[in-house]
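Participant:
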Amino acid sequence: MIEYTLTRSKRKTVALYIRGGCVEVRAPLRMPKSSIEKFIASKEKWIEDKLLKSKTQTERRKSFSLDYGSLLTYRGRQYPIEAKGGSRAGFDGEHFYMPPNLQPEQIKAACVKVYRSLAKQYLTERTLTLSRLMSVVPADIKITAARTRWGSCSAKKNINYSWRLVMADDAVIDYVILHELAHTKEMNHSKKFWAIVESVLSNYREQKIKLKELQQKLGGEDW
113 MIEYTLTRSK RKTVALYIRG GCVEVRAPLR MPKSSIEKFI ASKEKWIEDK LLKSKTQTER
173 RKSFSLDYGS LLTYRGRQYP IEAKGGSRAG FDGEHFYMPP NLQPEQIKAA CVKVYRSLAK
233 QYLTERTLTL SRLMSVVPAD IKITAARTRW GSCSAKKNIN YSWRLVMADD AVIDYVILHE
293 LAHTKEMNHS KKFWAIVESV LSNYREQKIK LKELQQKLGG EDW
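Each residue of the sequence shown is one higher than the one before, starting from 113 at the first, in my numbering.
1. Rounded to a whole number of angstroms, what is the C-alpha to C-alpha distance between Phe203 and Asp161?
2. What is the DSSP secondary structure of Val126, counted as helix, strand or coil?
3. What are the start and end residues of the alpha helix (DSSP H) that includes Ile253?
4. Which class does Ser274 belong to by DSSP, given the choice of helix, strand or coil?
5. Do Ile289 and Arg228 have their C-beta atoms closer together than 9 Å?
6. Which ranges does the alpha helix (DSSP H) cover as unbroken runs of at least 4 residues, wholly within the region 119-177, from first to last along the chain?
7. Please report the straight-line C-alpha distance between Phe195 and Leu118, rounded to a whole angstrom.
8. Going straight from the alpha carbon of Thr256 to that of Tyr273, what length do you get?
9. Could you tell me the distance, in whole angstroms, from the CA atom of Trp275 to the CA atom of Val224?
So this is what it looks like as structure tokens:
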């Protein structure tokens, strides 16, 4: 029998989630335990596959490490980490450079700092460019450390992006930006919302797939 944690609430259906190598079940308040376990049994193969994938990603994250010579992805292209005299870290268009003799954790911290700076510059500029194309004006643009959301848009038209988004290629980045800008017109995912996205980016479905592939890749990296 598969071990799981059960949470009951005023929902109408039962759902399964795999988080941190554990199985979570969410079920209606009055659903019999026997019905819940029957549902779990019917999903046994799916659960086993997801648990194996979760375990593999966890092991990859634990072994994830950066050093001089490691390759980093920026806007869909890979660039090496290079030691450079001085005390500053940055990106020169060909390398992610940083002071020599840093330990792996120091290198990762320096890389995150550079990524955040690159994200702030590129995502802000690109958002303003695309906002003019869509005839909308975001109230504010911020860069966050979000792990589960590439971007978000509040009711006040404040747009947030995870700094990790700049690892995606330009077309995928544009999709996320256009997605959030479309939310300044439609705060939902209705047909009207997707029509707005498609009017500017006809192949947005392709970019959604690429974004998911990047998410899976990053699932095995400890950023």
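Ideal placement from N, C-alpha and C gives every residue a C-beta, glycine not left out. Since the model is a prediction, treat every value here as computed from it, not as a measurement.
Facilitator: Well, looking at it:
1. 39 Å
2. coil
3. Segment 252-256 is the beta strand (DSSP E) holding Ile253; no alpha helix (DSSP H) there.
4. strand
5. no
6. 145-154, 156-175
7. In the sequence as displayed, the identity of residue 195 is Ala instead of Phe. When rounded, the distance between both Cα atoms is 50 Å.
8. 6 Å
9. 8 Å
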